[in-house]
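In the numbering used here, the protein residues as written are 582 to 766. Inspection log for the structure reproduced underneath, given as structure tokens.
Now the structure itself:
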């Protein structure tokens, strides 16, 4: 059991039959009245985020989300196949479960598959991926007075904005959480 007074970022617990995770929390002690905990929580299954206040004495059962290392093998239509690194079992996961940041993951990459009580609800890619630029317009000299960017297509098919000096064939590092260019690899 976890009490609302012990909330920290990343804590997962069951509330009203759903598994939720604390994104932000703030212990508030007003001058008049009882203290309370103001939170921003995310439903880990659906991804919806809500703000909610709790009494510090409220107690909830702890939810254990399993994070298992698996290797992304290939996709076939709407199914993406992952291999368990321990048992070598192939597991198909529907594309609707994968997040938007999965577009930066290439084949044979290790990811974390998230499940709760045996049901898979998400896939966490690595925070950074090194990808090759397959298509982008050439940059022109004199266009570098400000931080201007241009669109580029990566080897996974994802499109991001990159600085003007990046050319086709360059390897770049991408932050999969934000989808932003980080640096040359």
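Cβ atoms here follow ideal geometry from the backbone N, Cα and C, with glycine treated the same way.
Quick one: what does DSSP say residue i is sitting in, helix, strand or coil?
i           : result
residue 733 : strand
residue 613 : coil
residue 684 : helix
residue 699 : coil
residue 587 : helix
residue 746 : coil
residue 662 : strand
residue 643 : strand
residue 671 : strand
residue 768 : Since the first residue shown for the chain is 582 and the last is 766, residue 768 is missing from the structure and cannot be characterised.
Which residue wins for smallest C-alpha separation from residue i, given the options the options?
i           : options            : result
residue 741 : 675, 752, 760      : 760
residue 737 : 758, 756, 715      : 715
residue 690 : 749, 697, 663, 681 : 663
residue 701 : 666, 657, 673, 599 : 673
residue 650 : 695, 630, 593, 728 : 695
residue 628 : 746, 686, 678, 669 : 678
residue 618 : 606, 640, 624      : 606
residue 681 : 583, 595, 603, 705 : 705
residue 657 : 676, 744, 693      : 676
Give the range of the beta strand (DSSP E) segment to which residue i is assigned.
i           : result
residue 719 : Where residue 719 is concerned, there is no enclosing beta strand (DSSP E), given that its DSSP letter is neither H nor E.
residue 763 : 761-765
Return the Cβ separation of residue i and residue j in integer angstroms, given the expectation that the two are a contact with Cβ distance under 8 Å.
i           : j           : result
residue 733 : residue 717 : 4 Å
residue 586 : residue 637 : 4 Å
- Message: Ignoring anything shorter than 3 residues, give me the beta strand (DSSP E) runs that lie fully in the stretch 590-636, in order along the chain.
- Response: Contiguous beta strand (DSSP E) elements confined to the stretch 590-636 occur at 593-596, 599-609, 617-624, 630-635, taking only those with 3 or more residues.
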